[in-house]
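**Student:** Dropping a structure here in structure tokens format, bear with me for questions.
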Amino acid sequence: MNNLLTQIAFCIEKGKADLNSPYPPVLKGENGASELTKEAIDSGISADQILKQGLMPGMNRIGERFSKGEAFIPDLLMSARAMNAAMEHLQPHFDSGDIQHRGTLILGTVAGDLHEIGKNVVRMVLEGDGWKVLDLGVDVTVERFSETLRDNPDSIIGMSALLTTTMGTMEQSVNQIKQQSPQTQIYVGGAPLTQEFSDKIGADGFFPDPHSFAKHLAAQT
Ligand code: B1M
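Encoded structure:
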């Protein structure tokens, strides 16, 4: 793998956001995820490659260490901070500059769930593919999804969940919205989900990554 991408993955794993981040002390004075991502973009590496081969592997590694009890919540938060710093440089490269929107996507991480990074990547990719995205953030109640749908009735909805516990919340949210508005398309994603789960809860489709989601929507519009 490209050396820059390896270094980016390392910074994400270690939570080194930028040159000025004092954490971790061993990397003091070194470039962080922000500078290295900019350097990667400037050297012609695609935003997609940086995401898939730099940012995501770093995040997966800290996740694995967390599972084994070798990393803790503050480490996850530092990694999330580093990932957000790097993603700022990717945003313009996912941006198509299209003003003619394909449609509106109401997007959010379901109630009880604070994981925002995957949802943010979905927003960047879909915006880049010409969608107007109403990003409701994290911990989004079904009432907020419904209110936003009432104000934007032709929209589709995208829900993200990263916890097995909040998959239940997602099921309730999908049920409630489908009762109120059966024709509204609701798509779901997030690491613990499957197509089988999506079918079971009556959603219109599961996508493991934003690109397959964007491709599916593009085929429909
Ligand atoms: Co938490 N966390 N976390 N966490 N966290 C996981 C998810 C976990 C797998 C870690 C582990 O144990 N290995 C585990 C879940 C276990 C489970 O339920 N099966 C876990 C846990 C347990 C927890 C807490 C309960 C820990 C605790 O408090 N004891 C707690 C819960 C808090 C809450 O939400 N109520 C918690 C907290 C946190 C932080 C807040 C510290 C932080 C999030 C910070 C933030 O988002 N600002 C955090 C982090 C960073 C992680 C890991 C390490 C990374 C998640 C991430 O950002 N991945 C994660 C382990 C892991 O995933 N390896 C973990 C990168 C992101 C780009 O990928 O989100 O999968 P992902 O999104 C992908 C796809 O899934 C897809 O596209 C994205 C890009 O490819 N996708 C969609 C996502 N949504 C989509 C929607 C779509 C389509 C595609 O259509 C609508």
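Everything in the sequence shown is counted per the working numbering, starting at 10 for the first residue and increasing by one. All C-beta atoms in this analysis are idealised placements derived from N, C-alpha and C, irrespective of residue type, glycine included. Only a predicted model underlies this, so the values are computations on that prediction, with no experimental measurement involved.
1) Under the criterion of a Cβ to heavy atom distance below 7 angstroms, does residue 138 qualify as lining ligand 1?
2) Name the residue from 46, 32 and 29 whose alpha carbon lies nearest to the alpha carbon of residue 15.
3) Measure how close the beta-carbons of residue 130 and residue 136 come, nearest whole angstrom, since I'm counting them as under 8 angstroms.
4) Select from 85, 128 and 121 the residue whose C-alpha is nearest the C-alpha of residue 169.
5) When you compare only the Cα positions, how much space is there between residue 72 and residue 85?
6) Going by beta carbon distance, what residues of the same chain come within less than 6 angstroms of residue 113, once the five residues before and after it are set aside?
7) Quick check: the Cα distance between residue 33 and residue 90, rounded to an integer number of angstroms?
8) Between which residues of its own chain and residue 219 is the CB-CB distance below 6 angstroms, once the five residues before and five after are set aside?
9) For the alpha helix (DSSP H) that contains residue 88, what are its first and last residues?
10) So is residue 174 buried or exposed if we call it buried at 16+ other beta carbons inside 10 Å?
11) Measure the beta-carbon distance from residue 42 to residue 95 and round it to whole angstroms, keeping in mind my assumption that it falls under 8 angstroms.
**Tutor:** Taking the structure as given:
1) no
2) 46
3) With a Cβ gap of about 11 angstroms, residue 130 and residue 136 do not count as contacting.
4) 128
5) 8 angstroms
6) 141, 161 and 164
7) 13 angstroms
8) 130, 131 and 134
9) 82–103
10) exposed
11) 4 angstroms
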